[in-house]
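In this note's numbering, the protein residues as written are -16 to 687.
We treat Cβ as the ideally placed atom computed from N, Cα and C, and that holds for glycine.
Right, here's the structure in full:
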C-alpha cells in the first residue's frame, strides 16, 4: 500500500489526475487486492472529478464482497443519478449486496432497472444474480419463476436454485431439481452435493442424505473437504454417530469445520468426555469451536465447567462473540451466580462486545433468575431497541419476583409500542397475576388473549388461570375452567388444583382431583404427601394415616430435593441427607441441638386452630412466637412433631441445612437473592453471628 500511495502522489504531482485509466487501475488494486485498502480506494474515488463506469463497478464489487451492503447500494444510486448506465457486470454485485442487506425494495428496483435496460434476458450472470437475490430475501417462488424463465441455464443457475431450496428446507423440491438437472445432461459439482446434503441435514432426512452419499460412492466422484464436511454434518445432525465417525476417520485433511462438526456430534448425544477429547485434540480452534464446547457443557448441565472454559478462552486470546456471551450468561442463570453475571456484564461493556438485542435479552434473563429484578428492569429500560422476546423476558422476570402490577403496566406499554403479544407474553402476565393475587386482572388478561388477539390457549395458560382462581379461593370456578379446556387436563392442571385445595382445606374437591392424579401418576410421592397434608390440616387424622400407609405400601417416596446457596461469591450445593460437605459435622451438631431444644418445649403445647403448612419448619411464620403460655401451638403442629420431627428428620431438610451452614459455618447473613431451591422457595433471614447458641435462639421462635 505504501508504494500505491506513493504512485498516487506522483500522479497528482505530475498533473495526471484526469488520467481515468491509471486511476481506475489504482482503485482496482486498492479495492480488490488482498493487500489493498478499500477505505483509501474510496478516498481516491471521491477526489476524481470525472468518474467512469469501471470505477463504480469496482467499488460496488468491493463493498459487496466485504459485506458493506449499504455503501454498495449508495454507490449504485450515485452512479445512476450521475447519468452513468450500469452494465452486466454491475447488476450481479449490487443484487448480492441487496440480498445480504435483505433490502427487498431496493433489489426489486434494481431488477426493474435491469429489465428496462435489456440485461434480464440474455445475460446468464444477471439472471443468476436475480435468483440469488430472491433466494437471499426468502422469496423462493420468485426465484423459481426467474429460473424457469431463464433459457440458457448454467451449473451456477442450478446450484443457486438448489441452494435456495436448501436454505428454505425444501427437500423434495431440491432433489426433484437435481433429477431434472441430470436429465438435462448437466453434471453436478461439489456445490451441488453440499446443497443436497445441507437440505438433508436441515430437515433431518437421513434417507435423502444416504442417497447423495451413495450417488457419490457409486459414481466414483472425488469430493473435496467441503463435501466431506457436509457429509459429516449430515450424519451428525441426523443422529447417525457411527457413520459420522467413519466419515471423520476417512478424512485425510481435516480443517476446523471438520473437528467442530465431530465435536457437535458427540455433544448432541451427550458424550461430554468424547467431545472434550476432540476439543483438546483440535490443532486449530476458532470461536465456533470454543462456543460448541461451551454449549456442550451447558446442554449437559455442567454449568461451572462452561464458565471455566470461557475463562480459558479469554486466556488464549480468543475474542468471545455474542454466542459465547449468551451461553455463559445462561450458565450464570442456571447457577443463580449473580457475582459472576455482573462480571460478565462488565466484560461486555469493557471489551466492546457488540450489544445485540439477543445479548440484552440474555442479560435481563440472567439478572432476573439471579434475584436482581431491579437491575433486569434497568437493563430493559436502557435497551436502544427491543423485540417481542425483550418484552416477554422482562414480563416473566417481574412475574418471577412478584411485581405483577409493573408487569401489567409494561404489557400496556408494549401494546402502545405496537408490539403484538404472543402466547409467551400471556403466560408471563398470568403468572404475574397469580403470584400477586390479581384475580380480576388475571380474568381480564385470560379473556383478552382470545377475544382480542385470537391466540389459542395452551396448557400453561389454563394452569396459570386455575392457579389464580385457586389461590383466590374460587375453587368451584377453577373446576369449571378445567371442564371447559380444549385439551385433556394433565398432571400440572390437576396438581395446581390440588395445591389450591390444600390452601382452603377443600377436602371434597381434593379427593376428586386425587382420583384423577392417581390414574395418571400413581407412583408420584408428592401427591400422597400433599393429600396427607390436606387431611392433616383438616384434622382428619385417620385419613392422613391411610394416605401415609398407602404411600408406604406402594413404595413411593418424595424425590430428593437439591438446593444451593451463594455465600461470599461462591455457590454451595446440598442434597437431602447430605453428609459429603466438609462442614456436615458442625451443621448436624447445631440441628440436633435445635431438636433437643424443641423436646424441652414440647410440654408447653396446647391446642389452637391454624391453616399453616406442616411439612416445612422454615415455612412457619415468625408471628407464631410463643413464650410460656402465650399463643400455644396448634394441634396439627403437635401431631406432626410426634410423627415426624422426633424420628431424626432434622437432617432431611435442605432449608435448615443450608441456613445453618450459612450462619454457623460462614458467619454470613442470608439474603433473598441467595436462595434457589428445586421448589423455588425464596426465604429471607436476618444476619446472625457464628455462635451456635444464638442460632438456636434465632430458630426457636420460628418454630414456636
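Considering only 231, 402, 221, the residue with the shortest C-alpha distance to residue 210 is 231.
Spatial neighbours of residue 221 in its own chain (CB-CB distance under 8 Å, excluding positions within 5 residues in sequence) are listed in chain order as 183, 184, 187, 188, 189, 192.
Excluding its 5 nearest sequence neighbours in each direction, residue 297 has no C-beta neighbour in its own chain below 6 Å. Counting along the chain, the unbroken alpha helix (DSSP H) around residue 280 starts and ends at 270 to 282. With at least 16 other beta carbons inside 10 angstroms of its own, residue 46 counts as buried. Boundaries of the alpha helix (DSSP H) harbouring residue 225: 224 to 233, taken from the DSSP string. A direct Cα-to-Cα measurement between residue 149 and residue 510 gives close to 49 Å. Between residue 382 and residue 354, the C-beta gap is not smaller than 8 Å, which leaves the two residues out of contact. Cβ contact annotation for residue 129 (same chain, cutoff 7 Å, sequence separation greater than five): 110, 113, 114, 117, in chain order. In this structure, the alpha-carbon of residue 137 lies about 42 Å from that of residue 301.
Residue 421 carries a coil assignment under DSSP once its states are collapsed to helix, strand and coil. Look at residue 521 here: in three-state DSSP terms it is coil, with no helix or strand label. Contact between residue 419 and residue 456 does not hold, since their C-beta atoms are separated by about 15 Å, which reaches or exceeds 8 Å.
At the C-beta level, residue 517 and residue 483 stay beyond 8 Å of one another. Nearest in C-alpha terms to residue 61, of all of 216, 43, 132, is 43. Just measuring C-alpha positions, the residue of 103, 160, 121, 532 sitting nearest residue 134 is 103. Note on geometry: alpha-carbon atoms of residue 398 and residue 364 lie some 16 Å from one another. Under the three-state reduction of DSSP, residue 207 is assigned to coil, being neither helix nor strand. DSSP, read as helix, strand or coil, puts residue 573 in helix.
DSSP places residue 252 in the coil class of the three-state scheme, outside both helix and strand. Residue 362 and residue 347 do touch by the CB rule: their CB atoms are close to 5 Å apart, below 8 Å. If you ignore the 5 residues before and after residue 119, its C-beta comes within less than 6 Å of the C-beta of 82, all in its own chain and listed in chain order.
Rounded to the nearest angstrom, the gap between the Cα atoms of residue 281 and residue 265 is 20 Å. Fully contained in the stretch 136 to 174 are the following alpha helix (DSSP H) runs of length 4 or more, in chain order: 138 to 151, 154 to 166. In the structure shown, residue 262 adopts helical secondary structure according to DSSP, grouped into three states.
For residue 491, the enclosing alpha helix (DSSP H) stretches over residues 490 to 503. Restricting attention to 237, 430, 464, 107, the CA atom closest to the CA of residue 446 is found in 464.
Within the same chain, and ignoring the five residues on either side of residue 258 in sequence, the residues whose Cβ sits closer than 6 Å to its Cβ are 246, 249, 250, 279. A buried status is given to residue 79, since no fewer than 16 other beta-carbon atoms sit within 10 Å of its beta-carbon. Residue 342 is a Cβ neighbour of residue 305, given a cutoff of 8 Å. At the C-beta level, residue 74 and residue 93 come within 8 Å of one another. Residue 113: member of the alpha helix (DSSP H) spanning 107 to 119, first to last residue.
DSSP, reduced to helix, strand and coil, places residue 122 outside both helices and strands of the structure shown, so it counts as coil. Between the alpha carbons of residue 389 and residue 127 lies a gap of roughly 50 Å. In the displayed model, residue 300 falls within coil according to three-state DSSP, outside both helix and strand.
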